[in-house]
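S.K.: Below is one structure. I have some questions about it.
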């Protein structure tokens, strides 16, 4: 299981010299011990459906690469500032990674203006 935990910096300042275990116990102290999640087990998880921005990016890529496998993920926690994009299409055959990424960024140039960042992963499907 993967879970994001956000703790205000004002809370963490109180615990400068304490261990993560003592911090988690203090912050989550009202929860019974058997319900505590160890900080070493906490990773990212999405507890929400696709955002509008994800859908917009997905649609723009699907229009440009109609036969592609496309995945878009908001990696900013749902605020729409950072995205991870995966595009796998035969159109990338014979192109180096830079040219593949340029095709994707040119497709998303309007959406990229509104973002903090985007991670692009591209691939050519393996032959069956």
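In our numbering, the protein residues as written are 3 to 130.
Idealized CB from N, CA, C, for every residue including glycine.
#1: Can you have a look at residue 124 and say buried or exposed, based on whether 16 or more other CB atoms are within 10 angstroms of its CB?
#2: From the DSSP output, read off the bridge partner residues of residue 88.
#3: With distance defined between alpha-carbon atoms, name the residue in 76, 90, 118 and 117 nearest to residue 66.
#4: With a cut-off of 8 Å, do at least 3 Cβ pairs link the segment 69–81 to the segment 100–111?
#5: Which word fits residue 55, buried or exposed, when buried means at least 16 other C-beta atoms lie within 10 angstroms of its C-beta?
#6: Just to confirm before moving on: does the CB-CB distance between residue 85 and residue 117 stay below 8 Å?
#7: Tell me whether the beta-carbon of residue 122 lies closer than 8 Å to the beta-carbon of residue 107.
M.R.: Reading from the atomic positions:
#1: buried
#2: 73 and 123
#3: 90
#4: Verdict: no, contact absent.
#5: buried
#6: yes
#7: Between residue 122 and residue 107, the C-beta spacing is below 8 Å.
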